[in-house]
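For the record, in the sequence shown the residue sitting at position 102 is 326 according to our numbering, with numbers rising by one throughout.
Working notes, beginning with the structure itself.
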Amino acid sequence: KGAPESVIDRCTHVVLANGKKVAMTKHMKETVLQGINEMASQAWRCIACAYSDNLGNLVNYDGPKHAAHKLLTNPDNFASIESNLTYVGAVGMLDPPRDEVKQSMQDCKDA
Numbered sequence: 225k226g227a228p229e230s231v232i233d234r235c236t237h238v239v240l241a242n243g244k245k246v247a248m249t250k251h252m253k254e255t256v257l258q259g260i261n262e263m264a265s266q267a268w269r270c271i272a273c274a275y276s277d278n279l280g281n282l283v284n285y286d287g288p289k290h291a292a293h294k295l296l297t298n299p300d301n302f303a304s305i306e307s308n309l310t311y312v313g314a315v316g317m318l319d320p321p322r323d324e325v326k327q328s329m330q331d332c333k334d335a
């Protein structure tokens, strides 16, 4: 899960509404991002969700004592670990500004 653009860039497949996994085309990525951008424009905080079918040595990862934990301590490994993902959807959460934001914005304008 994470920022939609970052997650979708790492996806090579998508799970359709009928449960079928297919290759994710450029058009599909554009369509998904358009939908996410529409939600974001209405003050929804969006998170994209994807999974990996190939976790390699991390498949049974259970914490720092796991033999493959060292892979997670080096950020250089993240790109390979978080690649070839399968997109499953996005979540939009209403995230309205706090009450004090309006006054803070006015204070900035008045300064």
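We treat Cβ as the ideally placed atom computed from N, Cα and C, and that holds for glycine.
Computed from a prediction, not measured in an experiment: that's the story for all the values here.
Checklist entry - My guess is that P228 and A274 are in contact by the Cβ rule of under 8 angstroms, so how many angstroms apart are they, rounded? => result P228 to A274, Cβ: 10 angstroms. No contact.
Next on the checklist: Considering only their Cβ atoms, is the gap separating I232 from K245 smaller than 8 angstroms?
Outcome noted: no
Item to check | Sub-8 angstroms separation of R234 and E324 beta-carbons | outcome: no
Next on the checklist: Helix, strand or coil, according to DSSP, for V315 in the structure here?
Outcome noted: In the structure shown, V315 sits in a strand (DSSP, three-state: E or B).
Checklist entry - What number of angstroms, rounded off, separates the C-alpha of D331 from the C-alpha of A267? => result 22 angstroms
Next on the checklist: For the stretch 281-290 against the stretch 307-326, do three or more pairs of beta-carbon atoms, one drawn from each stretch, fall closer than 8 angstroms, so that the two count as touching?
Outcome noted: no
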